[in-house]
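Trainee:
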Amino acid sequence: MVTVVPLGKLADLAGAPALQLPAPLDWAGLKAAVPEALAAVLDDPRNRIALNGALLADKGTLQAGEGDEIALLPPVSGG
Amino acid sequence: MTKSRCSRRFRGADRLRDIRLIDAPFDPNAAIDTLAMASPDIGGIASFVGKVRAGGGIEALELTHYEPLTLPGMHDLADRAFARFDLIGLVMLHRVGLMHPGEPIVCVSAAARHRRDALAATDFCMDHLKSAAWFWKREKRADGWHWIEPRAADHNDLARWQT
Chain A
0 MVTVVPLGKL ADLAGAPALQ LPAPLDWAGL KAAVPEALAA VLDDPRNRIA LNGALLADKG
60 TLQAGEGDEI ALLPPVSGG
Chain B
0 MTKSRCSRRF RGADRLRDIR LIDAPFDPNA AIDTLAMASP DIGGIASFVG KVRAGGGIEA
60 LELTHYEPLT LPGMHDLADR AFARFDLIGL VMLHRVGLMH PGEPIVCVSA AARHRRDALA
120 ATDFCMDHLK SAAWFWKREK RADGWHWIEP RAADHNDLAR WQT
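These protein sequences, in sequence, are chains A and B. The opening residue of the first sequence carries number 0 in numbering that gives the first Met the number 0; numbering runs sequentially from there. The opening residue of the second sequence carries number 0 in numbering that gives the first Met the number 0; numbering runs sequentially from there.
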């Protein structure tokens, strides 16, 4: 399984603080597997992606395997 | 190296570099006082404490973070502050979780030989914490929870340091 952690308001769109999805997952597979309201905003360039704590420069290169964690990161609202 | 020497050295280092996420109400003055006593070379300390503002119908504030990014990002910011300014010590404490009006959210305290480095480093760290750190904030008002969107002013504050 791959753990998907949506942060900030993306958690509201996901409907849960974390999702467990079958591995492996690429970018298209991720968008197909999450709730539609969340999938609709993932291509927005302001929403970043991290794989196992490392930011991806290009979301399209996502390749998540068994045990990996994907974080969905909307713009930060500041401390 | 003996165990006692090792632990003593690390205690000394921690007092001059105190970077933490905190999940319960905290007293910023305790950390500032510890920094102030940590080295006889300190000639000035500048501190900023941010608090949850009352008003605007705010009942509560919740800060979410992402463990693998947020604290490493604060350490990276501290590294840049030490590299950019002539600092002796730095405290950077940030709340996460549920907060209420009047509670401290953030404390940055910079100690240096001279005041300009202490003042500028505190300003530098605050501008970056406010606009570039991995925190997501929502406010509870009478009609429910509202996510706080990034403000243009925060990005302008950050641009001051891009030299």
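In this text, a Cβ means the ideal position worked out from N, Cα and C, and glycines have one as well.
Buried or exposed for Ala70 of chain A, going by 16 or more other Cβ atoms inside 10 Å?
Mentor: Classification for Ala70 of chain A: buried.
Trainee: Pull the bridge partners of Ser108 of chain B from the DSSP assignment, please.
Mentor: B:Ser46, B:Val90, per the DSSP bridge assignment.
Trainee: What number of angstroms, rounded off, separates the C-alpha of His64 of chain B from the C-alpha of Arg94 of chain B?
Mentor: Computed Cα separation, rounded: 10 Å.
Trainee: Which one or two residues does DSSP pair with Met98 of chain B in a beta bridge?
Mentor: BP columns for Met98 of chain B point to B:Leu60.
Trainee: Answer yes or no: do Trp133 of chain B and Leu68 of chain B have a C-beta to C-beta separation smaller than 7 Å?
Mentor: Yes, these two residues count as a Cβ contact at 7 Å.
Trainee: For Trp146 of chain B, go through chain A and note every residue whose CB falls closer than 9 Å to its CB, in chain order.
Mentor: By Cβ distance, chain A contributes Gly7, Lys8, Asp11, Pro73, Ser76.
Trainee: Starting from Glu138 of chain B, trace the alpha helix (DSSP H) in both directions and tell me its first and last residue.
Mentor: Careful: Glu138 of chain B lies outside any alpha helix (DSSP H), inside the beta strand (DSSP E) at 134-140.
Trainee: Are the CB atoms of Leu37 of chain A and Ala13 of chain A nearer to each other than 7 Å?
Mentor: It is a contact, given that the beta carbons lie within the stated cut-off.
Trainee: Count the other CB atoms within 10 Å of the CB of Met98 of chain B; is the residue buried (16 or more) or exposed (fewer)?
Mentor: Buried, because 16 or more other Cβ atoms sit within 10 Å of the Cβ of Met98 of chain B.
Trainee: Could you tell me the alpha carbon to alpha carbon distance between Pro16 of chain A and Asp40 of chain B, rounded to whole angstroms?
Mentor: Going from the Cα of Pro16 of chain A to the Cα of Asp40 of chain B covers about 47 Å.
Trainee: Can you tell me where the alpha helix (DSSP H) with Gly143 of chain B in it begins and where it stops?
Mentor: Where Gly143 of chain B is concerned, there is no enclosing alpha helix (DSSP H), although the beta strand (DSSP E) it sits in stretches over 143-146.
Trainee: Taking the straight line between their C-alpha atoms, what separation do you get for Gly28 of chain A and Gly59 of chain A?
Mentor: Each residue's Cα considered, the two are about 11 Å apart.
Trainee: Counting only Cβ pairs nearer than 8 Å, list the residues of chain B close to Val4 of chain A.
Mentor: Per Cβ cutoff of 8 Å: Tyr65.
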